[in-house]
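Asks: The opening position of the sequence shown corresponds to residue 0 in numbering that gives the first Met the number 0, with each subsequent residue numbered one higher.
Note that the Cβ used here is the ideal one computed from N, Cα and C, for glycine as well.
All of these numbers come straight from a predicted model, not from anything done at the bench.
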Amino acid sequence: MLATLNDANLCDASLVPAGTNGNGIHPYFKTMFNGDWVESAANKCDKPIDFDWTATAVLPCLMHMYSGWVLGDTVPDCAELKELLDKHKVDTQRLTLHQLLELVDLAEMLELPLLVHSTYEIMAMKVGRKVKTSAVMANKLNQRARVVEGVGVDKASDVEE
């Protein structure tokens, strides 16, 4: 199913994520609406639909909807999917906290609880690393402050870099 994710021949409409300069993603199946009835022809949308969410939020949601993939999993081995991720410069292993926040907002709106949960887990790990790093930096700054004040450390070289 992932191989059909960006197939314009199978889609009635395409989404254009924010900041992608008109590069549409085609997630809606034309085959669901194929037929001789009037509604199928009337429902065809040739103009891409501008979407206020970035590709870093949209693509993981589509990946989840099409395959069950969640953050932390290996990206499914699908050439079409990898091409789409490359085209939109989305690296699911290196999303920033800002990108993860946007993703969790969209996943919550789309009611994708497994993706929401996995995104929160990744965010917690990233925040945990940042908190640990901040604590280490605070400790080093305190040591340096004591060096400047001449308290507790004999010389600046005693402070770890």
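What number of angstroms, rounded off, separates the C-alpha of L70 from the C-alpha of E120?
Replies: 9 Å
Asks: Is D104 helix, strand or coil by DSSP?
Replies: Under the three-state reduction of DSSP, D104 is assigned to helix.
Asks: What span of residues does the alpha helix (DSSP H) with S55 cover, start to end?
Replies: It should be pointed out that residue 55 corresponds to Thr in this sequence rather than to Ser. Taken as a continuous stretch (DSSP letters only), the alpha helix (DSSP H) holding T55 covers A54 to S66.
Asks: Tell me the DSSP bridge mates of A78?
Replies: According to DSSP, which records beta bridges pairwise, A78 is partnered with nothing at all.
Asks: Whole angstroms is fine: what's the gap from T91's alpha carbon to L58's?
Replies: 9 Å
Asks: DSSP on D51, reduced to helix/strand/coil?
Replies: strand
Asks: Beta-carbon separation of W52 and A17 under 8 Å?
Replies: Less than 8 Å separates the beta-carbon of W52 from that of A17.
Asks: Note down the Cα distance separating E107 from V115, rounded to an integer number of angstroms.
Replies: 6 Å
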